[in-house]
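Be aware that the sequence shown starts at 1, since it is given in full-length UniProt numbering, and climbs by one per residue. Using N, Cα and C, we set each Cβ at its ideal position, and we do this for glycine too. For clarity, every value in this text was computed on a predicted model and none was experimentally measured.
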Amino acid sequence: MKQQINHASSYEEIDSLGLLHSLWQQKWLIIISVLTASAYIAFTKPAYEVQAWILPADTPNIDTFNYEREVRFSHLPKPFGIDTTYNIFPHDLFAESTKYNLARTFIPLLQSKYDFYKNDIENLDKFQLFYPDGVIKPSDLSKKLWF
């Protein structure tokens with residue numbers, strides 16, 4: 001019986017020099033393709049839109065969080081309230097439009113609590129809500145702060 005020698009391993013190897021040689025022969029095609037793609041990316045507007053909604057936590061969610069906090073971390077001083085929870089949101093937001101939209105959503109929820117005037121919500125762009133440190137204090141929401 002003859003044994004057939006299998007040389008499959010020699011066909012599976014990549015010839016690095018042959019690959020580099022074939023790429024070098026096609027260098028102008030590669031350069032033109034990269035330049036065309038770069039020009040396309042540079043001169044076209046993105047065809048996508050991203051939207052995100054951040055809603056403040058409501059009382060049942062905060063109560064659930066406080067219950068878990070009491071069970072696991074009973075040494076912490078006081079439970080979170082709506083004010084404390086809301087102050088976490090603007091601290092981590094970066095875009096002014098996101099802050100604006102969050103405030104536009106959240107202020108109507110606080111309207112009855114802090115006795116806002118109806119025109120304050122309509123003139124929200126004139127209403128200064130966010131301080132340089134990015135935190136809204138509920139005591140300041142009851143005052144009119146104009147630019």
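Open item on the list: Using the Cβ count rule (16 or more neighbours within 10 Å means buried), how would you classify Leu-124?
Closed with: Looking up residue 124 in the sequence shown gives position 124. The predicted model places Leu-124 with a pLDDT of 49, which falls under 50 and marks its position as unreliable, so this point remains unresolved.
Task: Close Cβ partners of Val-71 (< 6 Å) along its chain, the five nearest in sequence each way excluded - done: The residue labelled residue 71 in the question sits at position 71 within the sequence shown. Once the five neighbours on either side are set aside, Val-71 has no close Cβ partner at all.
Open item on the list: I'd like the span of the alpha helix (DSSP H) that includes Tyr-67, first residue to last.
Closed with: Translated into positions along the sequence shown, residue 67 becomes position 67. Note, Tyr-67: alpha helix (DSSP H), 59-72.
- [ ] Would you kindly work out how many angstroms separate the C-alpha atoms of Lys-78 and Thr-105, rounded to a whole number?
- [x] Your numbering for residue 78 matches position 78 in the sequence shown. Your numbering for residue 105 matches position 105 in the sequence shown. Roughly 27 Å between the two C-alpha positions.
Task: Rounded separation between Tyr-103 and Ala-42 - CA only - done: Counted from its first residue, the sequence shown places residue 103 at position 103. Counted from its first residue, the sequence shown places residue 42 at position 42. Looking at the sequence itself, residue 103 is Ala, so the reference to Tyr does not match. Computed Cα separation, rounded: 34 Å.
TODO: Please name the residue in Asn-101, Ala-39, Thr-85, Phe-73 whose C-alpha comes closest to that of Thr-59.
DONE: For the purposes of this step, residue 59 is identified with residue 59 of the sequence shown, where counting begins at 1. Here the closest residue by C-alpha is Thr-85.
Task: For Tyr-48 and Phe-65, the rounded distance between their alpha carbons - done: Translated into the one-based positions of the sequence shown, residue 65 becomes position 65. Translated into the one-based positions of the sequence shown, residue 48 becomes position 48. Rounded to whole angstroms, Phe-65 to Tyr-48 spans 36 Å at the Cα level.
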